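Protein chains in written order, with this note's numbering: chain A, 262 to 418; chain B, 460 to 892. Quick reminder that beta carbons are idealized off the backbone N, C-alpha and C, glycines included. None of the values given here were measured: they were computed from a predicted structure. Here's the structure we're looking at; comments come further down.
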Amino acid sequence: MSKVGIIGVGNPLRGDDGVGILLMEAIAKRKPEGVELIDGGTGGINLIHDLAKFDLVVILDAVDFGGECGETCIFSVDDVLQDTGEIRFCTHETDLLNVIKISKKLGESPDKIFIFGVQPKDFSPKMGISRELKQSMGRILDEFYDKIKTMKETSNF
Amino acid sequence: MSEDVRIKVEHLTRVEGHGNIVLNSKNGRVEEVQWQVSEAPRFFEAMVVERDYSELSIITSRICGICSIAHAFASLKATESAMGVKISDQTLMLRKLALHGENIQSHILHVGYLVAPDLFGVGSVFPLINTSKEAVVKIVKVHRLANEMCDLICGRTTHPITTVVGGFTKIPTKKELIDLKARIENTIKTAGDVVDIVLANVDKLPKFTRETEYIGLTCDDEYALYDGVVGSTDTGKHEVNEYESITNEWVVPHSTAKYAKHNRESYMVGALARFNLNSAKLSPLAKEVADKFGLKTLCYNPFMNSVAQLVEIVHNMEDSIRIIDELLNRGLEKEKIKIGVKAGHGIGGVEAPRGILFHDYTYDKNGKCVKANCVIPTNQNHANIQKDMELLAPMLLTNEKTEKEIELNLEMLVRAYDPCISCSTHYLNVKFV
Numbered sequence: 262m263s264k265v266g267i268i269g270v271g272n273p274l275r276g277d278d279g280v281g282i283l284l285m286e287a288i289a290k291r292k293p294e295g296v297e298l299i300d301g302g303t304g305g306i307n308l309i310h311d312l313a314k315f316d317l318v319v320i321l322d323a324v325d326f327g328g329e330c331g332e333t334c335i336f337s338v339d340d341v342l343q344d345t346g347e348i349r350f351c352t353h354e355t356d357l358l359n360v361i362k363i364s365k366k367l368g369e370s371p372d373k374i375f376i377f378g379v380q381p382k383d384f385s386p387k388m389g390i391s392r393e394l395k396q397s398m399g400r401i402l403d404e405f406y407d408k409i410k411t412m413k414e415t416s417n418f
Numbered sequence: 460m461s462e463d464v465r466i467k468v469e470h471l472t473r474v475e476g477h478g479n480i481v482l483n484s485k486n487g488r489v490e491e492v493q494w495q496v497s498e499a500p501r502f503f504e505a506m507v508v509e510r511d512y513s514e515l516s517i518i519t520s521r522i523c524g525i526c527s528i529a530h531a532f533a534s535l536k537a538t539e540s541a542m543g544v545k546i547s548d549q550t551l552m553l554r555k556l557a558l559h560g561e562n563i564q565s566h567i568l569h570v571g572y573l574v575a576p577d578l579f580g581v582g583s584v585f586p587l588i589n590t591s592k593e594a595v596v597k598i599v600k601v602h603r604l605a606n607e608m609c610d611l612i613c614g615r616t617t618h619p620i621t622t623v624v625g626g627f628t629k630i631p632t633k634k635e636l637i638d639l640k641a642r643i644e645n646t647i648k649t650a651g652d653v654v655d656i657v658l659a660n661v662d663k664l665p666k667f668t669r670e671t672e673y674i675g676l677t678c679d680d681e682y683a684l685y686d687g688v689v690g691s692t693d694t695g696k697h698e699v700n701e702y703e704s705i706t707n708e709w710v711v712p713h714s715t716a717k718y719a720k721h722n723r724e725s726y727m728v729g730a731l732a733r734f735n736l737n738s739a740k741l742s743p744l745a746k747e748v749a750d751k752f753g754l755k756t757l758c759y760n761p762f763m764n765s766v767a768q769l770v771e772i773v774h775n776m777e778d779s780i781r782i783i784d785e786l787l788n789r790g791l792e793k794e795k796i797k798i799g800v801k802a803g804h805g806i807g808g809v810e811a812p813r814g815i816l817f818h819d820y821t822y823d824k825n826g827k828c829v830k831a832n833c834v835i836p837t838n839q840n841h842a843n844i845q846k847d848m849e850l851l852a853p854m855l856l857t858n859e860k861t862e863k864e865i866e867l868n869l870e871m872l873v874r875a876y877d878p879c880i881s882c883s884t885h886y887l888n889v890k891f892v
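Here you go:
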């Protein structure tokens, strides 16, 4: 049986950046069976060890894809991963896509990685997400389950 | 080189936090060379005032995302000293085991991900995966083991949650410790492979020496990491309670982090300082690693700090096996923790991966913190980095190096110290006239 993980990432001290963690906590209350949930925090290089545990991973994160605040999207890493050449590497500045890139190159990344993104509005330093996102959390959660269901039905999972 | 040099590395990469390197020279003479720390202060010492004693280790462990266990233990030791709390032998052994885990975790991150690219002549770990995938796989394996050790003992990979004043809220089971021991035994060979990979490229480390003072914990019966007195290669042994007369913190205009000095104008802490003070207490395999590199006390080359870290990784693994055996022989016991809250003042000193770390707390009779002071390893190294740079820069200028090579050498010097810049920035208490 394939191992499935859901990893929430983000910084709850940077406003809407924390939406991935909040979403993960909400999913924990209606956790799909056989799925492991991980609070990935602000990510960083340590995420490669979490990724290596699974065959399939869904990462929950704030993603600026030019949508309306609270709009959601789900995509595969291959849809966006670009080879940008030289990448700056610091212990505090390793972004998610770079971590996935390392994991893939090491040959230990899950077969499938999807990112469920929520369009944020405000990344300013504060605790808690914006009012708009807070009001949309119920719908965002429904969309998460719908999109996962659709992907399962279309055998993308 | 005779041309004028203007180097400004704004936000040096492959270190933790933000620092700049400035070098200006004219007609081959250095006009200005500076190691600047530009990171914002973080106010932790003010943050813990009026907080309950039980919260301090949780809050202060957040000073660092890499050496959070060392911060938690320095904090717990300070609180336990203030309140007269004695910990059990089992707690002591588990704390030492966790500290070994963190040391491996931090050192392999530094040597493997941050320094190795310099040795292989590439810009970061990313191209390294293309050219030396096998090496990176081994580095990741050691890193993963260290994460698992910290996870098992502390309940989380970073920012421990099971470690509290007086003991642990949860301890590993016998089976978990047996499994961990097997994984460590399995990974020691991999660590040896990493040693050989670095050894094959060690000629890339500059042969630069500057005599300085080395400071770290030291004790008679082991390679001191958790306990001991403060040792100096210049002045011998001092009590941890005298830490302020050792660190002598002061401020400079170009740095948000404080500087420190003791017997000379600067001193160094960290793996190389510990090696210089305590190498005779290393485990047998770790001594073999030191011999492979020709690392001997007293080594005055700061670039060898990365090699001393590799030596320590092997020591940490070997000593962890010894501790696990001892824990298993004794049998694990769930212990009750009872704290008699009282007013007091306590100081805790431990060796964090980057060097000696002090936490100093004063509590009122209700166990609320009224004053806190933390002296961070990287703070204590900033002045030494600056002094090294002042000697190294003119050497590089006269050695026909290109501007790019000079820049790389200065970057490598800072990186050798494995600075944790965010941790080291401090609240500056100023009064205007």
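Which of helix, strand or coil DSSP assigns to residue i
i                : result
Ser691 (chain B) : strand
Asp877 (chain B) : coil
Arg488 (chain B) : strand
Gln380 (chain A) : coil
Arg554 (chain B) : helix
Gly675 (chain B) : strand
Leu321 (chain A) : strand
Ser704 (chain B) : helix
Arg781 (chain B) : helix
Tyr572 (chain B) : helix
Tyr406 (chain A) : helix
Val624 (chain B) : coil
Met871 (chain B) : helix
Met916 (chain B) : Lying before the first or after the last residue shown, residue 916 (chain B) is absent from chain B, which here runs from 460 to 892.
Where residue i falls, given that 16 or more other Cβ within 10 Å makes a residue buried
i                : result
Ala541 (chain B) : buried
Ala683 (chain B) : buried
Glu607 (chain B) : buried
Thr713 (chain B) : As written in the sequence, residue 713 (chain B) is His, which differs from the Thr given in the question. Exposed: under 16 other Cβ atoms inside 10 Å.
Ser364 (chain A) : buried
Gln549 (chain B) : buried
Gln380 (chain A) : buried
Gly487 (chain B) : exposed
Leu850 (chain B) : exposed
Gln839 (chain B) : buried
Gly301 (chain A) : buried
Ser765 (chain B) : buried
Val710 (chain B) : exposed
Thr415 (chain A) : exposed
Ser805 (chain B) : A small correction: the amino acid at residue 805 (chain B) is Gly; Ser does not occupy that position in the sequence shown. Classification for Gly805 (chain B): buried.
Phe532 (chain B) : buried
Val280 (chain A) : buried
According to DSSP, residues forming a beta bridge with residue i
i                : result
Asp300 (chain A) : A:Gly269
Gln495 (chain B) : B:Asn479
Lys373 (chain A) : A:Leu317
Asp511 (chain B) : B:Lys827
Asn832 (chain B) : B:Asp819
Ser714 (chain B) : B:Val496
Lys387 (chain A) : A:Arg275
Endpoints, the beta strand (DSSP E) within which residue i is located
i                : result
Cys334 (chain A) : 333-337
Tyr820 (chain B) : 814-822
Gly281 (chain A) : Run containing Gly281 (chain A): none in the beta strand (DSSP E); it sits in the alpha helix (DSSP H), 280-290.
Ala811 (chain B) : 803-811
The alpha helix (DSSP H) enclosing residue i, as first and last residue numbers
i                : result
Val596 (chain B) : 592-613
Lys648 (chain B) : 633-659
Asn735 (chain B) : 730-737
Asn838 (chain B) : 836-857
Lys362 (chain A) : 357-366
Lys467 (chain B) : Here Lys467 (chain B) belongs to no alpha helix (DSSP H); instead the beta strand (DSSP E) covers 464-468.
His721 (chain B) : It is not in any alpha helix (DSSP H) - His721 (chain B) carries neither H nor E in the DSSP assignment.
Thr538 (chain B) : 527-542
Ala683 (chain B) : Segment: none, Ala683 (chain B) is in no alpha helix (DSSP H) and carries neither H nor E.
Glu504 (chain B) : 503-506
Ile309 (chain A) : 308-312
Pro743 (chain B) : 743-752
Legend entry - chain B contacts made by the region 362-378 of chain A, where a contact means CB separation under 9 Å: Lys362, Ile363, Lys366, Leu367, Gly368, Glu369
Legend entry - the region 577-592 of chain B: positions lying closer than 8 Å to chain A by Cβ: Gly582, Ser583, Val584, Phe585, Pro586, Ile588, Asn589, Lys592
Legend entry - Residues in the region 613-645 of chain B having any Cβ partner in chain A nearer than 7 Å: Thr616
Inset, instruction - Mind checking the region 301-314 of chain A against chain B and listing, in chain order, the residues whose C-beta falls within less than 7 Å of any C-beta there? - result: For the region 301-314 of chain A, residues whose beta-carbon sits nearer than 7 Å to a beta-carbon of chain B comprise Ile306, Asn307, Ile309, His310.
Inset, instruction - Scan the region 591-608 of chain B for residues whose Cβ lies nearer than 8 Å to a Cβ of chain A and list them as they occur along the chain. - result: Lys592, Val595, Val596, Val599, His602, Arg603, Asn606
Inset, instruction - Taking only beta carbons into account, state which residues of the region 758-785 of chain B come closer than 7 Å to chain E, listed in chain order. - result: Of the protein chains in the structure, A and B, none is chain E.
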